[in-house]
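**Student:**
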Amino acid sequence: MGSILQNAIATCRFEIRSSFTIQRTSVSLILALFPPTMLGLLILGATFSRAGISSSILQDFTPLTIVLIGLVSLLSLILWATPNVSAELEGKSWVFIASRPGGRISIFLGKFLASFSVSYAICIVSISLCTLLIDSQLHTGNTVRFWLSLSGIFFLACLAYGGIFSLLGVLFIKRAMTFSVGFVIVSDIIMASVPGVLMNKFSIRYHLQEISLTWLGWFLPSSSERGYRVIFGDGYPVTIHICILVGITLFTLCLGAWAIANREYITTYEA
Amino acid sequence: MIELKNTTKLYKDVIGVNDICLNLQAGTYGLLGPNGSGKTTLINLILGQLKPTIGSVTLFGVNPWKKSKLLRRIGLCPSVEVNYPRATGLEWVTYMVQLHGFRFMQAQKKAKESLDFVGLSHAMNRPMRNYSLGMRQRAKIGQAIAHNPDLLILDEPFNGLDPIGRHEMSAFLKTWASQGKGLILASHILHEVEAINPSFLLISGGRLLASGSPTEVRNILADTPYELTMRTSNPKQLATLLIEHCDIESLKFTSKTEILFSTPSASQLFKVIPEIIQQHKIMITEIRSTDDSLNTLFSMLMKLHRGELMQRGR
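Read top to bottom, the protein sequences are chains X and G. Take the first sequence: its letter number 157 is residue 161 in the working numbering, and every next letter is one higher. Take the second sequence: its letter number 225 is residue 239 in the working numbering, and every next letter is one higher.
Right, here's the structure in full:
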């Protein structure tokens, strides 16, 4: 187990160092700056509007900011986590890794760690800039708490989605990105929005929403939570939601590691 | 060391290898076959990367499929290019050694030693995008031998090497073989493999067509239909003499000084040529084989295998 983790960390370090090209750095930077830029433009627009900027308007912008950071983190995870096997097969480096003991599992876990690290770093930059922007207008005095809450939520989000996208990368080599986008649409947009009491609880978004309401509820407009409870019912204690998300991550990682170790990947058609 | 029993690998309806039976003791082996003959599939089966559709594979007495710990005893240098342009040779080889279960410091030490062994220590801190093809080939060898394996498998190791690089590679492989460790050398060019003096395994169309010592393979090769071009001062007289003394299948005057001809028995031809030169004082300035690959040999072996051709001396 120690050796697997050691190899996974080595893979993560090598992956980040060798694949962080100017293009990838630029893409990551654009992703990190997109939510604060949008928020800044909204604040600017509201400032020059007839009503002017107010705390209630700013509170309405907060959920939108969270959605934007969510989108950015999902996009980053899809770009980094899903090509875990296909990139190696296409780049022809798979054969070097697969001919090492535990190389397959190392590449799976290492690439998961790399995708998580990069995506979470993007989230942290985004969250920090958005928090500074909101605080500069609202002066709530809760800046640190707001930053910590969002950082915690996106930490769990990057873990859970990273695990799922990594698993999809192992299972569907050729269309991993398509399947990942499909998963988000079906599970977290369609399924999670159905006002049932059971079905939406299987989505990642449901658990993240519940944690958000507990940690950020004081910051959101009160009407949002009332409406939410009418539709989705009462949630569990926040620790249960955290355990479910961590459990989903561990389950997907174990399943992915098992699949990559036991699957036959064809690197060449000889005949 | 390696045992294959009636091993067949199918990729859906395409045959990768077809009913191969092998029992290889520790030693040096040259796996020869044209491109697409099944060499890489065979190597992947031996490494446990592919599961045989029919039959079984045993490596060091164990079925290698899903036995990744067995890979600790093997060094693989595949034919594919290294695709980490930003990483330095040392970073890449260190990472490759780490995946064998070594800690970073230990892995880096082994990587430095192996890169020094393959003569790349002067460039090990340069990004691999600045490496020549020969340097990348050396880095690939370096990653294969760094963990001191019992069996080294090299797939087309001479690809892209210049004559000096080829000579150095041959010298390295001879040194490796002299240590008594296992070596499998897959190639589609006979004379490159011949320099290491291995036992040969000839594979084509996914089938093991022949195996044996270099002498045995030379005997097969000597009876292979052969196409030659000769440059001479008197092509008409040479053609007449060749037809008289040899079994010539076809003959063509390609220029005023050149003849192109094919013979079913190269051994007979090479015996006759010195006699013709000596007795008739004909000057032959060049003898060139038009086909320096093994394709002719393999097509003949395939015919033998199918029973379309009877081997001479049988």
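Virtual Cβ for every residue (Gly too), placed ideally from N, Cα, C. Note that the structure is a prediction, hence the values are computed from the model and not measured.
Using C-beta distances below 6 angstroms, list every residue in its chain close to Gly239/X, excluding the 5 sequence neighbours before and after it, in chain order.
**Tutor:** Excluding positions up to five away in sequence, the list reads Glu214.
**Student:** List the residues of chain X whose Cβ lies closer than 8 angstroms to the Cβ of Gln63/G, in chain order.
**Tutor:** Simply Val99, Ala102, Ser103, Glu268, Tyr269, Thr271.
**Student:** Could you check whether the stretch 87-102 of chain X touches the stretch 173-184 of chain X, counting it as contact only if at least three pairs of C-beta atoms, one from each stretch, sit closer than 8 angstroms?
**Tutor:** Touching, per the Cβ criterion.
**Student:** For Met42/X, does the three-state DSSP call read helix, strand or coil?
**Tutor:** Here Met42/X sits in helix by DSSP.
**Student:** Along the chain, which unbroken stretches of the beta strand (DSSP E) at least 3 residues long are found entirely within the stretch 149-235 of chain G?
**Tutor:** Counting whole runs of 3 or more residues, the stretch 149-235 of chain G contains the beta strand (DSSP E) stretches 165-169, 196-201, 213-218, 221-226.
**Student:** Going by DSSP, what residue range makes up the beta strand (DSSP E) through Cys35/G?
**Tutor:** Unbroken beta strand (DSSP E) run through Cys35/G: 28-38.
**Student:** Between Leu220/X, Ile270/X, Leu43/X, which lies nearest to Arg149/X when the distance is taken from Cα to Cα?
**Tutor:** If we check each option's Cα against that of Arg149/X, Leu220/X comes out closest.
**Student:** Does the stretch 30-39 of chain G come close enough to the stretch 51-61 of chain G that 3 or more CB-CB pairs lie under 8 angstroms?
**Tutor:** As far as the Cβ criterion goes, the stretch 51-61 of chain G touches the stretch 30-39 of chain G, which means the pair count is three or higher.
**Student:** In three-state DSSP terms, what is Val185/X?
**Tutor:** Val185/X falls in the helix class under three-state DSSP.
**Student:** Using a Cβ distance threshold of 8 angstroms, determine whether the stretch 31-50 of chain G contacts the stretch 183-203 of chain G, with at least three qualifying pairs required.
**Tutor:** Verdict: yes, contact present.
**Student:** Going along the stretch 5-25 of chain X in order, which residues come within less than 9 angstroms of chain G, judged by CB to CB distance?
**Tutor:** From the stretch 5-25 of chain X, only Ser7, Gln10, Asn11, Ala14, Thr15, Arg17, Phe18, Arg21, Ser22, Ser23, Phe24, Thr25 have a Cβ closer than 9 angstroms to chain G.
**Student:** With a Cβ-Cβ cutoff of 8 angstroms, do Phe159/X and Tyr124/X count as a contact?
**Tutor:** Yes, the pair counts as a contact, with Cβ atoms nearer than the cut-off.
**Student:** Since Val76/G sits in a beta bridge, which residues does DSSP pair it with?
**Tutor:** Beta-bridge pairing links Val76/G to Leu73/G.
**Student:** To be precise: take each residue of the stretch 77-96 of chain G, compare its Cβ to all Cβ atoms of chain C, and keep it if any distance is under 8 angstroms. Which residues remain?
**Tutor:** In the structure shown, chain C does not exist; the protein chains are X and G.
**Student:** Which residues in the same chain as Asp176/G place their Cβ atom closer than 7 angstroms to its Cβ, once the five residues preceding and following it in sequence are excluded?
**Tutor:** Same-chain partners within the cutoff: Gly148.
**Student:** Looking at chain X, is there any beta carbon in it that lies within less than 8 angstroms of the beta carbon of Gln120/G?
**Tutor:** For Gln120/G, the answer is no, since every Cβ of chain X falls outside 8 angstroms of its Cβ.
**Student:** Would you mind working out which of Val129/X, Leu175/X, Leu212/X, Phe176/X sits nearest Asp192/X, comparing C-alpha positions?
**Tutor:** Here the closest residue by C-alpha is Leu212/X.
**Student:** Could you tell me if Asn162/G is buried or exposed, where buried requires 16 or more neighbouring beta carbons within 10 angstroms of its beta carbon?
**Tutor:** With fewer than 16 Cβ atoms within 10 Å of its Cβ, Asn162/G is classed as exposed.
**Student:** Measure the alpha-carbon distance for Leu172/X versus Leu259/X and round it to whole angstroms.
**Tutor:** Cα to Cα, the separation comes out at about 10 angstroms.
**Student:** Is Lys270/G helix, strand or coil when you go by DSSP?
**Tutor:** In the structure shown, Lys270/G sits in coil (DSSP, three-state: anything other than H, G, I, E or B).
**Student:** What does DSSP give as the partner residue(s) for Phe275/G in the beta ladder?
**Tutor:** Looking at the DSSP assignment, Phe275/G forms a beta bridge with Leu242/G, Leu265/G.
**Student:** Among Gly114/X, Ile252/X, Leu152/X, which residue has its Cα nearest to the Cα of Ala164/X?
**Tutor:** The option with the nearest alpha carbon to Ala164/X is Ile252/X.
**Student:** Between Ser307/G and the rest of its own chain, which residues show a CB-CB distance below 6 angstroms, the 5 nearest in sequence each way excluded?
**Tutor:** Reliability of the predicted coordinates at Ser307/G is poor, the pLDDT of 45 falling under 50, and no value is obtained from them.
**Student:** Give the straight-line distance between the Cα atoms of Arg100/G and Leu137/X, rounded to the nearest whole angstrom.
**Tutor:** Answer to the nearest angstrom: the Cα atoms are 37 angstroms apart.
**Student:** Got a sec: is the Cβ-Cβ distance from Lys115/X to anything in chain G below 8 angstroms?
**Tutor:** Not an interface residue.
**Student:** Ordered along the chain, which non-local residues of its own chain (more than five positions away) have a Cβ less than 8 angstroms from that of Gln10/X?
**Tutor:** Contacts found: none.
**Student:** Between Arg17/X, Glu94/X, Phe65/X, Val31/X, which has its C-alpha nearest Tyr269/X's C-alpha?
**Tutor:** It is Glu94/X.
**Student:** If you pair each beta-carbon of the stretch 241-257 of chain X with each one of the stretch 15-28 of chain G, do three or more pairs fall below 8 angstroms?
**Tutor:** With the cut-off at 8 angstroms, the stretch 241-257 of chain X and the stretch 15-28 of chain G do not touch.
**Student:** Could you pull the start and end residues of the beta strand (DSSP E) that Thr22/G belongs to?
**Tutor:** Note, Thr22/G: beta strand (DSSP E), 16-25.
**Student:** Which first and last residues belong to the beta strand (DSSP E) in which Tyr43/G is found?
**Tutor:** Counting along the chain, the beta strand (DSSP E) containing Tyr43/G begins and ends at 42-46.
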